[in-house]
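Residues 1 to 446 in UniProt numbering are what the sequence shown spells out, letter by letter. Glycine included, each C-beta is placed from N, C-alpha and C at the ideal position. Taking it in order: structure first as structure tokens, then the write-up.
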Amino acid sequence: MASPPPSLRDAVGGLDRDPFVSLLAKLIGESRRLQNDPPALVPLEDLVAQHVLDALLPVSTETGGGPLVVRKVSYVEGRSNVIVEYPGTVPGFAVSFVGMHMDVVPANPDEWDFDPFSLTFDSEDKDKLRGRGTTDCLGHVALVAQLMRRLGEVKPVLKHSVIAVFIANEENSLITGIGVDALVKDGLLDKLKNGPLFWIDTADKQPCIGTGGVITWHLKAIGKLFHSGLAHKAINSMELNMEALKEIQTMFYNDFPPHEKEKLYKFATPSTIKPTKWSYPGGGLNQIPGECTISGDIRLTPFYSTTYVVKKLQEYVHDINEKLEGKLQTRGPVSKYVLPDENLRGRLEITIDEDIMNGVACNLESRGFQALCKATEEIVGHVEPYSITGSLPLIRELQDEGFDVQTAGYGLLKTYHAKNEYCLFSDMAQGFQVFLSIISQLEADV
Numbered sequence: 001m002a003s004p005p006p007s008l009r010d011a012v013g014g015l016d017r018d019p020f021v022s023l024l025a026k027l028i029g030e031s032r033r034l035q036n037d038p039p040a041l042v043p044l045e046d047l048v049a050q051h052v053l054d055a056l057l058p059v060s061t062e063t064g065g066g067p068l069v070v071r072k073v074s075y076v077e078g079r080s081n082v083i084v085e086y087p088g089t090v091p092g093f094a095v096s097f098v099g100m101h102m103d104v105v106p107a108n109p110d111e112w113d114f115d116p117f118s119l120t121f122d123s124e125d126k127d128k129l130r131g132r133g134t135t136d137c138l139g140h141v142a143l144v145a146q147l148m149r150r151l152g153e154v155k156p157v158l159k160h161s162v163i164a165v166f167i168a169n170e171e172n173s174l175i176t177g178i179g180v181d182a183l184v185k186d187g188l189l190d191k192l193k194n195g196p197l198f199w200i201d202t203a204d205k206q207p208c209i210g211t212g213g214v215i216t217w218h219l220k221a222i223g224k225l226f227h228s229g230l231a232h233k234a235i236n237s238m239e240l241n242m243e244a245l246k247e248i249q250t251m252f253y254n255d256f257p258p259h260e261k262e263k264l265y266k267f268a269t270p271s272t273i274k275p276t277k278w279s280y281p282g283g284g285l286n287q288i289p290g291e292c293t294i295s296g297d298i299r300l301t302p303f304y305s306t307t308y309v310v311k312k313l314q315e316y317v318h319d320i321n322e323k324l325e326g327k328l329q330t331r332g333p334v335s336k337y338v339l340p341d342e343n344l345r346g347r348l349e350i351t352i353d354e355d356i357m358n359g360v361a362c363n364l365e366s367r368g369f370q371a372l373c374k375a376t377e378e379i380v381g382h383v384e385p386y387s388i389t390g391s392l393p394l395i396r397e398l399q400d401e402g403f404d405v406q407t408a409g410y411g412l413l414k415t416y417h418a419k420n421e422y423c424l425f426s427d428m429a430q431g432f433q434v435f436l437s438i439i440s441q442l443e444a445d446v
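As structure tokens, then:
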């Protein structure tokens with residue numbers, strides 16, 4: 001009697017440290033030229049794309065060495081995306097791993113304890129892999145590239161097509177039409193709607209089931225500049241702005257309180273509005289400033305509409321401007337926001353930045369979420385889905401386009417965008433096994 005075929009995990013095996021580390025070292029070695037902060041720093045994702053191609057083309061249809069279908073897609077010179085498919089045997093079934101981006105946030109070598117732009121190892125802990133992008137997100141690029149390479153080498157018979165999409169331009173939302181947004185627009189990812197899409201760009205080995213939206217704002221107060229010894233003749237723009245912001249925050253929290261679904265999704269915080277930056281034109285300590293600006297952000301759980309929030313912010317400011325005398329408290333016996341004798345009124349102006357980002361609530365009923373949870377419990381030993389009002393660009397747009405988006409990642413949240421970034425090889429190795437478990441579970445459904 002013939003022996004049953006080996007399981008996918010047995011056939012593919014574990015994450016091989018040597019080729020993984022070798023590829024990751026090449027990627028981190030390019031990271032100085034992958035920093036994304038235009039106009040000063042414009043990444044060249046082609047550098048990473050070429051290393052990915054070098055790893056996968058030997059087992060591709062292009063070279064005749066294997067079954068992988070590899071496609072490089074560029075919309076801007078020097079900035080590529082790479083789509084890799086391991087074809088399945090049954091049309092209409094797919095599982096995809098997307099979001100492994102080939103750009104990084106900037107790093108200042110003077111602030112690091114080691115060179116951010118080369119892969120180094122902790123002398124006391126070989127599990128630590130150090131360098132800019134190890135956690136976010138070049139470590140995931142190397143991880144999924146190794147998954148696809150092993151599928152191409154082992155050639156297991158799978159009913160599902162397994163598709164990996166390595167993307168450009170994730171770390172900057174001001175410039176569009178380069179990365180996954182352009183791929184979706186051109187229909188190049190339509191096949192991914194035939195199954196769950198796993199966005200591999202979070203951390204800590206657990207399903208991230210919710211993220212926050214972001215609205216950045218600038219509240220400008222205009223008063224009357226005057227000598228600080230004659231405060232009764234001034235409209236203090238700083239006092240006006242502080243009191244106005246306090247009132248705006250009060251109205252915001254009344255209109256957007258903690259939502260009942262936040263508990264289900266285990267959000268660490270509800271929606272928040274807070275100042276993060278002050279600015280004013282300058283002047284002496286003996287001058288009451290005539291204008292100043294407070295800037296900040298709103299982090300919004302995905303159960304509220306960003307469009308409606310912007311509308312309410314504008315209403316708040318209009319209401320305060322109309323009712324300055326009765327709406328805002330003054331500070332001291334001569335503090336005032338209106339000078340009737342001079343026919344002067346303080347006023348507020350609010351500006352909302354255009355790059356508004358929407359949050360995401362993953363579908364907790366989807367087969368993809370169930371498979372991710374079971375795989376995580378099986379490989380990591382426990383499953384604890386979580387949500388944060390930190391933000392991930394692009395994935396809400398994918399969800400709105402009809403993709404079943406789930407998110408996970410195998411770097412470390414404490415080193416995300418941080419100085420002295422690192423990941424652990426053991427975490428990446430568990431991620432590799434989670435991916436194989438997900439594929440195996442979905443195969444059993446067909």
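Inset, instruction - Would you mind reading off the limits of the beta strand (DSSP E) that contains V214? - result: G213 to I222
Legend entry - Residue interval of the beta strand (DSSP E) (run including K274): T272 to S279
Legend entry - Pairwise C-alpha distance: L219 and M331: The displayed chain sequence assigns Arg, not Met, to residue 331. If I take the Cα positions, the gap works out to 20 Å.
Inset, instruction - May I ask which residues mark the beginning and end of the alpha helix (DSSP H) holding V183? - result: Here residue 183 is Leu; the residue named in the question, Val, does not match the sequence. Start and end: V180 to K185.
Legend entry - Range of the contiguous beta strand (DSSP E) that encloses R130: D125 to R130
Legend entry - Proximity below 9 Å, CB of L442 to CB of V69: no
Inset, instruction - Run the CB neighbour count on T351, radius 10 Å, all protein chains shown included, and call it buried at 16 or more, exposed below. - result: Within 10 angstroms of the beta-carbon of T351 lie fewer than 16 other beta-carbons, which makes it exposed.
Inset, instruction - Any chance you could list the alpha helix (DSSP H) runs of at least 4 consecutive residues sitting entirely within the region 5-76, in chain order? - result: 8-12, 17-29 and 46-56
Legend entry - Backbone CA spacing between M1 and P156 [nearest angstrom]: Below a pLDDT of 50, predicted positions are generally treated as unreliable, and M1, at 38, falls in that range; the measurement from the model is reported next regardless. If you take the alpha carbons of M1 and P156, they lie about 21 Å apart.
Inset, instruction - Could you tell me whether any Cβ in chain B is nearer than 9 Å to the Cβ of V446? - result: No chain B is part of this structure, which consists of one protein chain only.
Inset, instruction - Kindly identify the DSSP beta-bridge partner or partners of M100. - result: F166
Legend entry - One or two residues paired with H227 in a DSSP bridge: Q287
Legend entry - Continuous beta strand (DSSP E) stretch holding R79: start and end: Per DSSP, R79 belongs to the beta strand (DSSP E) from R79 to Y86.
Inset, instruction - Entirely within the region 225-265 and at least 4 residues each: give me those alpha helix (DSSP H) ranges in chain order. - result: 237-255 and 260-264
Inset, instruction - State buried or exposed for G431, treating a residue as buried only when at least 16 other CB atoms are found within 10 Å of its CB. - result: With a threshold of 16 other beta carbon atoms within 10 Å, G431 meets it and is buried.
Inset, instruction - Return the chain-ordered ranges of every beta strand (DSSP E) run that is complete within the region 356-407 and spans a minimum of 3 residues. - result: none
Inset, instruction - State the DSSP-derived secondary structure class of A418, mapped to helix, strand or coil. - result: coil
Inset, instruction - Verify whether the separation of the beta carbon atoms of K205 and I163 is less than 9 Å. - result: no
Inset, instruction - Decide if K224 is buried, meaning its Cβ has at least 16 other Cβ atoms within 10 Å, or exposed. - result: buried
Inset, instruction - Check each candidate in L300, R299 and G282 and name the one with the smallest Cα separation from residue 447. - result: This structure cannot speak to residue 447, because the chain is shown only from 1 to 446.
Inset, instruction - Please confirm whether Q35 and V104 have their CB atoms less than 9 Å apart. - result: yes
Inset, instruction - Decide if the region 110-127 is in contact with the region 167-184; the criterion is three or more beta carbon pairs, one per stretch, under 8 Å apart. - result: Contact check between the region 110-127 and the region 167-184: fewer than three CB pairs, one atom from each, fall below 8 Å, which does not count as touching.
Inset, instruction - Note the first and the last residue of the continuous alpha helix (DSSP H) segment covering I351. - result: Strictly speaking, residue 351 in this sequence is Thr, with Ile absent from that position. No alpha helix (DSSP H) holds T351; the beta strand (DSSP E) holding it covers R347 to I352.
Legend entry - Pairwise C-alpha distance: E124 and I273: 43 Å
Legend entry - Simplified DSSP state of I438, which is helix, strand or coil: helix
Inset, instruction - Pair every Cβ in the region 39-53 with every Cβ in the region 132-151, then say whether three or more of these pairs are closer than 8 Å. - result: yes
Inset, instruction - Just confirm the distance between the C-beta atoms of E421 and R33, as a whole number of angstroms; I'd bet it's less than 8 Å. - result: In fact, because the Cβ distance is near 17 Å, the residues do not count as touching under 8 Å.
Inset, instruction - Report yes if the CB atom of F369 is closer than 9 Å to the CB atom of G290, and no otherwise. - result: no
Legend entry - N- and C-terminal bounds of the beta strand (DSSP E) containing L151: L151 -> not in any beta strand (DSSP E); alpha helix (DSSP H) instead, spanning L138 to V154.
Inset, instruction - Reducing DSSP to helix, strand and coil, say where D445 ends up. - result: helix
Inset, instruction - Would you tell me roughly how many angstroms separate the C-alpha atoms of R347 and L339, rounded to the nearest one? - result: 12 Å
Legend entry - Contact the region 382-393 vs the region 255-271: 3+ CB pairs below 8 Å: yes
Inset, instruction - Give the straight-line distance between the Cα atoms of G296 and V73, rounded to the nearest whole angstrom. - result: 37 Å
Legend entry - Residues near T211 in its chain [Cβ-Cβ closer than 6 Å; skip 5 each side]: G359, V360, S391 and L392
Legend entry - Unbroken beta strand (DSSP E) run spanning L197, endpoints: P196 to I200
Legend entry - Whole-Å CB distance - P116 paired with S161, under 8 Å assumed: That pair is no contact at about 37 Å.
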